[in-house]
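The opening residue of the sequence shown carries number 14 in this note's numbering; numbering runs sequentially from there. Note that beta-carbon positions come from the ideal geometry of N, C-alpha and C, so glycine has one too.
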Amino acid sequence: MTVIQTLESNPETFSSYIEILEKTDLYNAFKSYGNYTCFVPTNEAVKAFLMEKFNVESVSAITNPEDIEFLKIVVKFQTIPSGRGTSGFVEGRLVDTTYTGDYLTTSFLKGGGIANVEINRTVGLVAYDIRATNGLIHATNGVLDPYIDPVPAVMEKAGNHTIFVEALKQTGYYEKFSVIFNEFGSKNNFTILAESDEVYAQEGIHSFDDLVTRFSPNDSDFTNPENDLNRFVAYHATQNFLYSRNFPEDAFVNTVLERNAWKSFKTDTELRINETETGEDDTWTSLIISESNFPAKNGVYHTVNKLFTIFTPKPKHIIFDVVSDQPEYQSRLIRAGSNVPSTSWEFIRWFPEGNKRYLQQSNRINLNNNILDVGGYSWIEFDTPVLPKGKYEMLISSNGGNKARGIFQVYWDGEPIGSLYDLTINTAGKGFPDEALMESRGWRHGYKCITNNAGATQYDAAGASRFIITRELLCPEQKRHVIRLEAVKAGGSPIDYIEWIPVVENGPADDSECYND
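In structure tokens:
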């Protein structure tokens with residue numbers, strides 16, 4: 014049976030939701046071909062919802078066009094355009110967005126097992142994994158409220174972060190973090206790490222004035238980006254979309270505060286943010302999970318377990334996946350195979366303008382199995398992650414090795430660096446697989462830990478070799494940079510990743526086994 018037929022065969026549980034589908038003209042959609050995940054409230058849940066939202070007892074009593082339009086949003090918010098069984102539920106957001114473009118969250122904080130799972134920290138499951146020919150049904154004991162408010166408003170209504178919310182208002186970030194769509198028309202997605210009033214109290218901070226005394230006692234111009242309180246607040250946010258499980262295992266996360274980043278490191282049991290480099294006298298910060306993963310229309314907020322101050326890291330090996338590290342990818346605003354203009358990306362630009370795409374398949378021997386498929390441009394440039402100050406080698410990996418590929422001059426912050434990046438060079442020209450010969454010609458193997466679904470590795474693929482752009486790149490300050498590839502010969506350039514390896518006393522800290530080593 015289809016989703017509709019399945020619901021109709023259980024009127025004692027789902028008849029009210031059927032009425033909503035009919036009222037909103039979405040009834041036929043769930044009779045048609047597709048693969049839906051439907052979170053469907055029971056009759057009792059719908060009745061409670063109608064009374065709370067509209068002060069009516071039945072769906073038929075709703076006649077206002079605006080109220081009907083809201084009901085339509087409610088249905089779309091509770092429907093995902095792919096099949097997601099409970100086996101894929103995790104602590105954090107689900108993989109796919111709903112028809113409203115939002116992520117639903119699942120949480121097991123009340124205990125293990127599907128019987129204790131909560132959707133969006135508010136609604137539980139009555140029944141689950143009910144299979145239909147065109148999807149899955151999960152019956153819920155409540156109606157999921159669509160996200161309407163931005164992150165700051167959700168925090169303010171919760172009432173547990175009054176000091177931090179006041180700091181947002183005084184610095185101007187409340188308004189900035191409340192913008193849902195950016196100037197390009199794409200949806201913003203902010204992740205905010207905030208101290209609760211309780212955490213501030215542990216630090217002797219009991220009011221906004223106490224916070225000012227701690228960070229900016231002699232400067233009340235809180236909207237000035239150079240003000241210490243302003244910097245403190247800006248450091249608490251990123252435009253990466255990160256529920257707790259989405260924090261990287263060992264990488265930097267760019268923050269709204271220019272030239273600064275969080276250092277994220279995961280063990281088997283802990284998320285450590287800004288762990289010290291020595292491992293001694295660690296003052297790393299983590300999340301209070303029971304007070305984290307709260308979704309909003311334009312992001313999510315978490316509660317940190319201690320005062321979250323600005324951290325200055327030492328140089329470390331950084332790999333920048335030019336697709337997966339983009340906020341538009343992380344929030345699934347841009348999907349694999351979709352041709353989009355450069356204006357769809359905040360941190361990527363190319364010329365001349367034309368629609369380009371990224372490709373993602375499990376059989377690709379690429380980092381995260383994706384590449385940016387952008388050929389035929391005069392130049393393309395990327396804003397890099399924040400790099401800690403230091404000296405680095407810089408390498409780049411693309412799918413190359415044939416005459417249809419391009420040749421490029423690489424620019425760093427507007428200045429040409431290194432040798433020409435020649436993607437037409439074949440296996441023999443690189444000296445592959447002789448490591449010493451490759452090194453002398455400016456190439457290295459790819460990594461053994463980057464594989465496709467068949468287990469093939471980059472290390473064994475000549476086309477995935479890494480080109481050494483420069484062996485000595487000096488970064489005198491911690492900040493983002495701009496890297497540009499300018500075409501000397503036009504051609505395809507399926508870009509995989511760019512990396513920076515700290516140059517240490519005994520040479521670069523490179524390891525072909527795995528870049529995380």
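Do you know offhand how far residue i's Cα is from residue j's?
| i | j | result |
| --- | --- | --- |
| residue 515 | residue 190 | 34 Å |
| residue 503 | residue 347 | 26 Å |
| residue 111 | residue 229 | 42 Å |
| residue 25 | residue 56 | 7 Å |
| residue 28 | residue 96 | 23 Å |
| residue 108 | residue 52 | 15 Å |
| residue 452 | residue 352 | 36 Å |
| residue 250 | residue 64 | 37 Å |
| residue 332 | residue 186 | 30 Å |
| residue 529 | residue 459 | Caution applies to residue 529, whose pLDDT of 48 falls short of 50 and renders its modelled position unreliable; the model cannot decide the point. |
| residue 84 | residue 172 | 28 Å |
| residue 477 | residue 413 | 7 Å |
| residue 442 | residue 449 | 13 Å |
| residue 92 | residue 465 | 31 Å |
| residue 269 | residue 114 | 23 Å |
| residue 59 | residue 43 | 19 Å |
| residue 194 | residue 297 | 33 Å |
| residue 319 | residue 90 | 34 Å |
Hey, could you find the ends of the alpha helix (DSSP H) residue i is sitting in?
| i | result |
| --- | --- |
| residue 134 | Premise fails: residue 134 is in no alpha helix (DSSP H) and is neither H nor E. |
| residue 90 | 78-90 |
| residue 73 | Where residue 73 is concerned, there is no enclosing alpha helix (DSSP H), given that its DSSP letter is neither H nor E. |
| residue 451 | 448-453 |
| residue 244 | 241-247 |
| residue 42 | Premise fails: residue 42 is in no alpha helix (DSSP H) and is neither H nor E. |
Among the options, which residue has its Cα nearest to the Cα of residue i?
| i | options | result |
| --- | --- | --- |
| residue 513 | 378, 104, 503 and 480 | 480 |
| residue 105 | 130, 43 and 170 | 130 |
| residue 401 | 510, 505, 264 and 309 | 264 |
| residue 342 | 328, 371 and 40 | 371 |
| residue 434 | 125, 490 and 419 | 419 |
| residue 181 | 345, 21 and 221 | 221 |
| residue 209 | 517, 178 and 278 | 178 |
| residue 369 | 259, 82 and 361 | 361 |
| residue 39 | 77, 16, 219 and 61 | 16 |
| residue 391 | 363, 375 and 517 | 363 |
| residue 385 | 358, 406, 407 and 218 | 358 |
| residue 203 | 78, 252 and 432 | 252 |
Would you mind reading off the limits of the beta strand (DSSP E) that contains residue i?
| i | result |
| --- | --- |
| residue 428 | 428-435 |
| residue 227 | Element bounds for residue 227: not the beta strand (DSSP E) but the alpha helix (DSSP H), 221-228. |
| residue 394 | 392-396 |
| residue 8 | Residue 8 lies beyond the stretch modelled for the chain, which goes from 14 to 530, so this question has no answer here. |
| residue 385 | 383-386 |
| residue 407 | 403-411 |
| residue 364 | 361-364 |
| residue 512 | 507-517 |
| residue 485 | 479-488 |
Beta carbon of residue i, beta carbon of residue j: below 7 Å?
| i | j | result |
| --- | --- | --- |
| residue 151 | residue 160 | no |
| residue 494 | residue 397 | yes |
| residue 312 | residue 164 | yes |
| residue 127 | residue 99 | yes |
| residue 337 | residue 300 | no |
| residue 421 | residue 500 | yes |
| residue 206 | residue 315 | yes |
| residue 278 | residue 272 | no |
| residue 411 | residue 509 | yes |
| residue 254 | residue 344 | yes |
| residue 309 | residue 167 | yes |
| residue 326 | residue 404 | no |
| residue 155 | residue 136 | yes |
Give me the Cβ distance between residue i and residue j, rounded to the nearest whole Å; I'm assuming they're in contact under 8 Å.
| i | j | result |
| --- | --- | --- |
| residue 122 | residue 133 | About 12 Å; that fails the 8 Å criterion. |
| residue 470 | residue 378 | 7 Å |
| residue 394 | residue 497 | 4 Å |
| residue 184 | residue 243 | 5 Å |
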